[in-house]
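One line per chain: the protein sequences are F and V, in this order.
Per the working numbering, the first sequence starts with residue 4, numbered consecutively.
Per the working numbering, the second sequence starts with residue 3, numbered consecutively.
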Amino acid sequence: EDKVVQSPLSLVVHEGDTVTLNCSYEVTNFRSLLWYKQEKKAPTFLFMLTSSGIEKKSGRLSSILDKKELFSILNITATQTGDSAVYLCAVLRNNDMRFGAGTRLTVKP
Amino acid sequence: NAGVTQTPKFQVLKTGQSMTLQCAQDMNHNSMYWYRQDPGMGLRLIYYSASEGTTDKGEVPNGYNVSRLNKREFSLRLESAAPSQTSVYFCASSELLADGYTFGSGTRLTVV
Numbered sequence: 004e005d006k007v008v009q010s011p012l013s014l015v016v017h018e019g020d021t022v023t024l025n026c027s028y029e030v031t032n033f034r035s036l037l038w039y040k041q042e043k044k045a046p047t048f049l050f051m052l053t054s055s056g057i058e059k060k061s062g063r064l065s066s067i068l069d070k071k072e073l074f075s076i077l078n079i080t081a082t083q084t085g086d087s088a089v090y091l092c093a094v095l096r097n098n099d100m101r102f103g104a105g106t107r108l109t110v111k112p
Numbered sequence: 003n004a005g006v007t008q009t010p011k012f013q014v015l016k017t018g019q020s021m022t023l024q025c026a027q028d029m030n031h032n033s034m035y036w037y038r039q040d041p042g043m044g045l046r047l048i049y050y051s052a053s054e055g056t057t058d059k060g061e062v063p064n065g066y067n068v069s070r071l072n073k074r075e076f077s078l079r080l081e082s083a084a085p086s087q088t089s090v091y092f093c094a095s096s097e098l099l100a101d102g103y104t105f106g107s108g109t110r111l112t113v114v
């Protein structure tokens, strides 16, 4: 059965810290891996990764995919309280996406 | 541009009652999806519709039915609600799956 596993499940840091969120997967018909940020309502798109070893960056956030070892990481540098959210990893298959359980990040002032 | 609109936003049902969750998108997307989100479980796919006129089961379809009424609308029906169906329900749509989903704002359903 296809699985997407995120770790840690929750994380508490202080402003200015750097965090690394992990996502491992075992999925048939893998097409790409996506990261979403979810605050109070609907998930919002962060990154889509299709190729191994190519880092995607957006401001203080970056992500990379390893298709050989079947995992991805999401890095957030110089964290801010506004980064507090649940971060979801999802794997795109042929017809749909399989999501992980998410990592709840809390950034304290 | 509204994107994906879900109604209602909140609902409380008694066990055994029925209801329909509505979803409409105005982006002319072919594919639409219903997910439920429970604490510690992430989002799990209930049903999806790859195109108008087709529907398929996802990971957790039991207790639900769907209708793809037209290209814009995809509804989710609970015929006899159970407390285990207490959850937040998200509708999503996509044109090309490779571009990811656009999500609605969710429906918080409580079954007592």
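Ideal placement from N, C-alpha and C gives every residue a C-beta, glycine not left out.
Fair warning: this is a prediction, and the values are worked out from it, not measured in the lab.
Going along chain V, which residues have a C-beta under 8 Å from Ala88 (chain F)? Per Cβ cutoff of 8 Å: no residues; Ala88 (chain F) is ~14 Å from chain V at best.
I need the straight-line Cα distance from Val30 (chain F) to Lys16 (chain V), nearest angstrom please. 38 Å
State the DSSP-derived secondary structure class of Gln83 (chain F), mapped to helix, strand or coil. coil
Hey, out of F:Leu12, F:Leu36, F:Gly19, whose CA is closest to Thr80 (chain F)'s CA? F:Gly19
Skipping 5 residues on each side, what residues in its chain have a beta carbon closer than 8 Å to that of Pro63 (chain V)? Ile48, Tyr49
Alpha carbon to alpha carbon, how far is Ser51 (chain V) from Arg38 (chain V)? 16 Å
Output the distance between the C-alpha atoms of Ala85 (chain V) and Thr112 (chain V), rounded to the nearest integer angstrom. Just to set this straight, residue 85 (chain V) is Pro in the shown sequence, not Ala. When rounded, the distance between both Cα atoms is 7 Å.
Residues near Pro112 (chain F) in its chain [Cβ-Cβ closer than 8 Å; skip 5 each side]: His17, Glu18, Thr84
Trp36 (chain V): which of F:Gly103, F:Ala104, F:Asp99 sits nearest, CA to CA? F:Asp99
How would you label Val15 (chain F), buried or exposed, when you count the other beta carbons within 10 angstroms and need 16 or more for buried? exposed
Taking C-alpha atoms, which residue in F:Gly56, F:Asn78, F:Leu73, F:Asp86 lies nearest to Arg33 (chain F)? Note on identity: in this sequence residue 33 (chain F) is Phe, with Arg being the wrong assignment. Of the listed residues, the one whose Cα sits closest to Phe33 (chain F) is F:Leu73.
Should Thr23 (chain F) go down as buried or exposed, given a rule of 16 or more other Cβ atoms within 10 Å for buried? exposed
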